[in-house]
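**Student:**
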Amino acid sequence: MRRVHKHATHTKHATVTAILASAAVAASLLLAAAPAQAATAAPMHVAAVAAASASGAVESITFAAAPKVALAAPTITGTQKVGATLQASVKTMTKGAALGYQWYASGSKISGATKSRLLLTSSQAGKAVTVKVTAKKTGYTSATTASAATSKIVKSAIPTVSGTAKVGATLTAKPGTWTSGVKLAYTWTANGAAISGATKSTFVVKSAQTAKTIRVNVASAQAGFAKVTEKSTTSVKPARTSVPTISGTAKVGSTLTAAPGLWTTGTTLKYQWYAGKDAIAGATKSTLVLATKQAGQAITVKVTGSLTGFTTFTETSKTTSAVAALKPVASTVPTISGEVALGSTLTAEPGTWATGATLAYQWFADNVAISGATTSTLVIAKEHGGTALTVTVTGSQTGYATVAQTSKATVKVVSSATPTITGQTKVGATLSVTPGAWTSGVSTFDYTWFANGTPIEDATSSTLTLTGAQLSKTIAVRLESAQDGYAQVSANATLTVKTAQTSVPTITGRVKVGETLTATPGEWTTGTKLSYQWYAGNAGIAGARNETLVIAPKYAGMVLTVKVTGSRTGYTTFTETSQATGNVEATAAPTISGDTRIGGTLSVDPGTWAEGITTFTYQWYSDDVAIDGATSRTVTLASEQAEATISVRVTSAQDGFESETVTATHSVKALRTELPTIVGDSGANRGMYVPVPVWTPGTTFTYEWFADGVQIEGETDRFITLGDDMNDKSVTAQVTGTLAGYGTATLESAVAMKHMTTVDPIVEGEPKVGSTLTVTPGVWTTGAVFSYQWFAGYDMIEGATDSSLLLTADLVGKNVVVRVTGVIDGYTETYLWAGNLIVTE
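Residue numbers for the sequence shown follow our numbering, so the first one is 85 and each next one is one higher.
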């Protein structure tokens with residue numbers, strides 16, 4: 085056994101380090117001895133410095149108190165209201181000091197407020213705020229200072245102004261929600277200047293404020309609270325208005341004039357005349373020529389003034405006396421001709437009027453005048469959808485009352501939409517058409533379905549069930565509105581794919597483990613590409629994408645289905661699912677067990693079959709080739725089966741039952757083996773070893789050694805060195821081989837070998853030319869037969885096989901040794917070395 089010794093080294097640096105460590109301990113003791121009140125002061129730092137001589141000896145240790153960081157009291161700036169940010173500012177004369185902050189509200193720490201800035205929240209409303217700053221630097225005593233307290237924080241709000249923005253009206257300030265208990269002060273401003281005496285929450289607008297921007301400022305006015313002023317974001321500009329007056333004679337044909345009065349300079353005025361309570365259509369100027377329809381009614385005018393930056397106001401005049409009537413113009417009711425459809429032109433036929441009468445036209449949609457539609461024709465636009473159209477013809481003649489005649493209303497205009505077709509485009513499926521968003525009120529339609537442009541007989545509803553007659557044809561549908569009171573309009577929809585033929589697949593075959601099922605897809609459109617996917621329960625079976633499926637044992641008790649998917653260019657891709665099978669019957673699952681090495685015996689358990697089946701026949705196979713004569717439940721593996729896959733076919737042979745065959749394949753192959761042997765080691769330690777076994781390539785081996793049948797503890801190598809306690813005992817080796825995909829085999833050496841008792845041989849004689857060297861083997865196990873072989877260096881000396889050797893001149897300078905080999909039947913051949921002599925002249 086080799087021993088390794090490690091030597092520790094020491095230097096003067098270790099001594100210095102130790103002394104400094106002691107100094108640190110001493111410093112700690114000094115601190116511990118300080119007065120108790122020092123615990124509340126800033127921490128004191130003590131430095132220990134050791135001075136060493138050139139020889140490494142420590143000559144002195146010096147202790148020094150660290151200086152304190154220079155820190156001024158912080159100041160707080162910023163608006164002291166909720167939502168504003170406060171800033172802490174502090175000066176320190178100690179360069180490089182790190183600053184830490186802690187904010188307080190009424191003396192309580194504000195959680196998380198550890199930066200130089202603080203965003204005020206509603207939690208601080210009504211509280212005074214302070215900040216403490218701590219400065220730290222390595223080698224210095226830290227310092228902490230506190231700011232002066234702020235006033236109590238105010239929670240404010242932005243005020244708003246409400247009321248009518250004109251001279252003489254009252255404006256009201258709404259302050260919003262402020263901190264509870266805080267008194268508020270109001271200041272009204274005009275163009276930013278305070279209005280004298282306007283210090284209440286309400287304000288009556290005077291003429292002096294005309295056209296000026298009016299706002300209100302609300303300020304906190306409570307002792308102990310911060311002074312916060314908020315300006316209203318809303319403002320008003322008061323306008324000047326007047327009640328208009330009417331001049332002129334109130335009779336048909338006369339002109340009335342409106343005088344608007346005094347308004348804010350720059351105001352744009354608009355007029356609207358009224359007959360009774362109804363606005364007179366088109367009467368929007370400062371003058372009004374009274375028409376026959378106003379006869380007998382009192383007239384008023386409303387003037388509306390608007391100016392950028394001001395509220396728009398409307399003032400109404402006093403009423404006139406009732407308008408005196410004229411004799412009406414002779415007339416008849418007009419009529420309308422033309423198709424009532426979007427884009428079509430309607431024409432008004434005025435009828436017969438008095439000679440000399442001047443005619444004017446106005447078209448209406450549901451009694452609402454159509455802007456600009458004042459000629460005898462009208463092109464129907466999209467915005468007319470859902471309305472009935474009329475035309476009013478107005479005849480005027482000097483000296484007569486103007487007469488207006490209105491036509492009978494047309495049917496309502498229909499605005500169509502593009503319909504959509506839904507459903508599967510395959511034979512047997514039903515298509516549905518959705519009309520889309522037509523004119524409100526239109527919900528009744530006539531339907532016509534088409535196949536390749538030809539109407540489909542009796543296909544006149546909103547649905548169509550596709551038949552073989554529509555196979556490979558393009559389907560379209562036409563809708564025509566058929567709502568009472570509405571115009572008839574049509575719209576079309578066409579599918580982009582053709583009608584396909586599909587079928588529900590069927591499954592044939594016995595639904596039992598090991599059996600093969602076949603999917604029959606049925607009839608599909610010619611040229612359709614079909615694909616398959618089998619399912620067990622609701623889960624797809626991996627790799628099961630063919631027309632057939634061999635049922636695996638793991639699907640026992642489950643139901644099986646198959647989905648067939650058909651695809652073809654120009655057609656929709658469809659997937660059809662078969663009906664589910666019954667539950668898969670569980671067939672017997674034979675199992676193979678036993679010794680999978682050559683010469684070993686395997687047996688098969690036929691498994692559990694249907695009740696009543698107990699008789700079977702067997703045939704064993706090696707790599708799917710029947711093993712001649714192997715027709716029982718067991719088989720002994722021969723060398724021909726080495727490294728082959730072993731399987732067995734179990735066939736039921738019960739009278740009255742249908743014969744079935746199930747194959748079981750062993751999970752491991754037969755391992756090629758040979759009996760291990762033991763030979764003596766070639767080393768000098770009286771060892772033994774097992775030559776590398778020649779088994780199936782790739783086999784991994786483990787070893788165990790036995791002496792007289794008892795395992796030798798700890799000996800698990802191919803080589804073994806035996807001690808004297810093993811002498812004359814029968815030694816055997818047990819080899820276990822393992823290979824993935826093969827069985828594991830364990831074999832014991834065929835011959836048990838004993839180990840001889842030996843002693844080291846002795847070589848006698850003078851190692852010089854002409855002398856004879858003689859070897860004495862010593863006392864070995866009784867019966868040992870010896871043989872000898874002399875060596876010069878590493879080379880055998882030819883013919884030197886006796887117990888003695890005559891030294892010759894060619895051996896001068898060489899190292900002479902002898903190998904003594906002992907042999908006894910039943911023992912390991914053993915050899916030992918002796919000599920190691922240098923030959924001289």
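Quick reminder that beta carbons are idealized off the backbone N, C-alpha and C, glycines included.
In this text the structure is predicted, and so the values were computed from the model without any measurement.
(1) What residue from A918, P503, V477 has the CA that sits closest to T860's CA?
(2) What does the alpha-carbon distance come out to for the pair I796 and V752?
(3) Spell out the partners DSSP gives T586 in its beta bridges.
(4) Suppose you measure from the CA of T729 to the CA of T715; what does that come to, to the nearest Å?
(5) Nearest by alpha-carbon distance to L340: which of A310, T384, K315, S246 is it?
(6) DSSP three-state call for T885: helix, strand or coil?
(7) Find the nearest neighbour of T506 within the set K496, S500, P519, V498, judged by alpha-carbon distance.
(8) Looking at C-alpha atoms only, which residue of E799, G265, I279, I237 is the closest neighbour of K165?
(9) At the level of alpha carbons, what is the spacing between P259 and T490?
(10) Is S264 helix, strand or coil when you go by DSSP?
(11) Residues in its own chain within less than 6 angstroms of H750 by CB, not counting five upstream and five downstream?
(12) In whole angstroms, what separates the C-alpha of G469 from that of K496?
(13) Looking at the structure shown, is G910 part of a helix, part of a strand, or coil, going by DSSP?
(14) Go ahead and pull the three-state DSSP assignment for H839.
(15) Count the CB pairs spanning the segment 613-633 and the segment 681-701 that are closer than 8 angstroms, and state whether there are at least three.
(16) Going along the chain, which residues of its own chain have a beta-carbon closer than 6 angstroms to the beta-carbon of T297, five neighbours each way excluded?
(17) Return the first residue and the last residue of the beta strand (DSSP E) that Q381 is part of.
(18) Any Cβ of chain B within less than 7 angstroms of the Cβ of I364?
(19) Roughly how many angstroms separate the alpha carbons of K638 and T661, rounded to a whole number?
(20) According to DSSP, is T656 helix, strand or coil?
(21) For V288 and A257, which I take to be in contact (beta-carbon distance under 8 angstroms), what is that distance rounded to the nearest angstrom?
(22) Tell me the rounded alpha-carbon separation between A664 and T586.
(23) Determine whether the beta carbon atoms of A485 and A367 lie at a separation below 7 angstroms.
(24) Helix, strand or coil: how does DSSP classify S195 here?
(25) Which first and last residues belong to the beta strand (DSSP E) in which P689 is found?
(26) Assign G821 to buried or exposed, taking buried as 16 or more other Cβ atoms, counted over all protein chains shown, within 10 Å of its Cβ.
(27) Does the segment 553-562 come close enough to the segment 576-593 to have 3 or more Cβ pairs within less than 8 angstroms?
(28) For T234, which three-state DSSP category applies?
(29) Considering only their Cβ atoms, is the gap separating A334 from S370 smaller than 7 angstroms?
(30) Shorter than 6 angstroms, the distance from the beta carbon of P760 to the closest heavy atom of the ligand MN, or not?
(31) Taking the continuous beta strand (DSSP E) assigned at W618, which residues delimit it?
(32) My understanding is that Q554 touches T583, with C-beta atoms under 8 angstroms, so please give their C-beta distance in whole angstroms.
(33) With the cut-off set at 7 angstroms, would you say Q567 and V511 are in Cβ contact?
(34) Name, in chain order, the residues that DSSP records as bridge partners for F534.
**Tutor:** On the basis of the supplied data:
(1) Locating residue 860 in the sequence shown gives position 776, where the first residue counts as 1. Checked all of A918, P503, V477; the closest Cα to T860 is A918.
(2) In the sequence shown, counting from the first residue as 1, residue 796 sits at position 712. In the sequence shown, counting from the first residue as 1, residue 752 sits at position 668. Straight-line measurement puts the Cα of V752 at about 31 angstroms from the Cα of I796.
(3) Locating residue 586 in the sequence shown gives position 502, where the first residue counts as 1. DSSP output for T586 lists no bridge partner at all.
(4) The residue you call residue 729 lines up with position 645 of the sequence shown. The residue you call residue 715 lines up with position 631 of the sequence shown. Rounded to whole angstroms, T729 to T715 spans 17 angstroms at the Cα level.
(5) Your numbering for residue 340 matches position 256 in the sequence shown. Ranked by how close their Cα comes to the Cα of L340, the residues A310, T384, K315, S246 have T384 in first place.
(6) Position 801 of the sequence shown, counting from 1, holds the residue named residue 885. T885 carries a coil assignment under DSSP once its states are collapsed to helix, strand and coil.
(7) Working through the sequence shown from its first residue, we reach residue 506 at position 422. Ranking the options by Cα distance to T506, first place goes to P519.
(8) On the sequence shown, residue 165 is found 81 positions in, with the first residue counted as 1. It is I237.
(9) Against the sequence shown, residue 259 aligns to sequence position 175. Against the sequence shown, residue 490 aligns to sequence position 406. The alpha-carbon atoms of P259 and T490 are separated by roughly 58 angstroms.
(10) Within the sequence shown, residue 264 is the residue found at index 180, counting from 1. Looking at S264 - three-state DSSP - the assignment turns out to be coil, as it is neither helix nor strand.
(11) The residue given as residue 750 occupies position 666 in the sequence shown. For H750, where only same-chain residues beyond five positions count, the Cβ hits under 6 angstroms are I676, I730.
(12) Within the sequence shown, numbered from 1, the residue matching residue 469 stands at position 385. Within the sequence shown, numbered from 1, the residue matching residue 496 stands at position 412. Cα to Cα, G469 sits roughly 7 angstroms from K496.
(13) Locating residue 910 in the sequence shown gives position 826, counting from the first residue. The three-state reading of DSSP puts G910 in coil, since its state is none of H, G, I, E or B.
(14) In the sequence shown, the residue the question calls residue 839 occupies position 755. For H839, the secondary structure class from DSSP, reduced to helix, strand or coil, is strand.
(15) With the cut-off at 8 angstroms, the segment 613-633 and the segment 681-701 do not touch.
(16) Sequence index remark: in the sequence shown, residue 297 carries index 213 (1-based). The residues are N275, S319, K321.
(17) Walking along the sequence shown from the start, residue 381 turns up at place 297. According to the DSSP assignment, Q381 belongs to no beta strand (DSSP E), since it is labelled neither H nor E.
(18) Within the model displayed, chain B is absent; a lone protein chain is all it includes.
(19) Looking up residue 638 in the sequence shown gives position 554. Looking up residue 661 in the sequence shown gives position 577. Going by the C-alpha atoms only, they are around 22 angstroms apart.
(20) Sequence index remark: in the sequence shown, residue 656 carries index 572 (1-based). The three-state secondary structure of T656, taken from DSSP, is coil.
(21) By one-based count along the sequence shown, residue 288 stands at place 204. By one-based count along the sequence shown, residue 257 stands at place 173. Not quite, the Cβ-Cβ distance comes to about 13 angstroms (not below 8 angstroms), so this is no contact.
(22) In the sequence shown, the residue the question calls residue 664 occupies position 580. In the sequence shown, the residue the question calls residue 586 occupies position 502. Between the C-alpha atoms of A664 and T586 there is a straight-line separation of about 18 angstroms.
(23) Within the sequence shown, residue 485 is the residue found at index 401, counting from 1. Within the sequence shown, residue 367 is the residue found at index 283, counting from 1. No, these two residues do not count as a Cβ contact at 7 angstroms.
(24) Counting from one through the sequence shown, the residue named residue 195 turns up at place 111. S195: coil per DSSP, three-state reduction.
(25) Translated into the one-based positions of the sequence shown, residue 689 becomes position 605. Looking at the sequence provided, one finds Asp at residue 689 rather than Pro. Taken as a continuous stretch (DSSP letters only), the beta strand (DSSP E) holding D689 covers 685-689.
(26) Working through the sequence shown from its first residue, we reach residue 821 at position 737. By the Cβ neighbour-count rule, G821 is buried, with 16 or more other Cβ atoms within 10 Å of its own.
(27) The answer is yes - the segment 576-593 touches the segment 553-562, with three or more Cβ pairs under 8 angstroms.
(28) Locating residue 234 in the sequence shown gives position 150, counting from the first residue. DSSP places T234 in coil when its eight states are reduced to three.
(29) Here residue 370 corresponds to residue number 286 of the sequence shown, with the count starting at 1. Here residue 334 corresponds to residue number 250 of the sequence shown, with the count starting at 1. No. Outside cutoff.
(30) The ligand MN is not part of this structure, which contains no ligands at all.
(31) In the sequence shown, the residue the question calls residue 618 occupies position 534. Segment 613-620, the beta strand (DSSP E) holding W618.
(32) Numbered from its first residue, the sequence shown carries residue 554 at position 470. Numbered from its first residue, the sequence shown carries residue 583 at position 499. For a cut-off of 8 angstroms, the C-beta gap from Q554 to T583 is around 5 angstroms, short enough to register as a contact.
(33) Here residue 567 corresponds to residue number 483 of the sequence shown, with the count starting at 1. Here residue 511 corresponds to residue number 427 of the sequence shown, with the count starting at 1. With respect to V511, Q567 sits apart: the two C-beta atoms are not nearer than 7 angstroms.
(34) For the purposes of this step, residue 534 is identified with residue 450 of the sequence shown, where counting begins at 1. Beta-bridge partners assigned by DSSP to F534: P539, A560.
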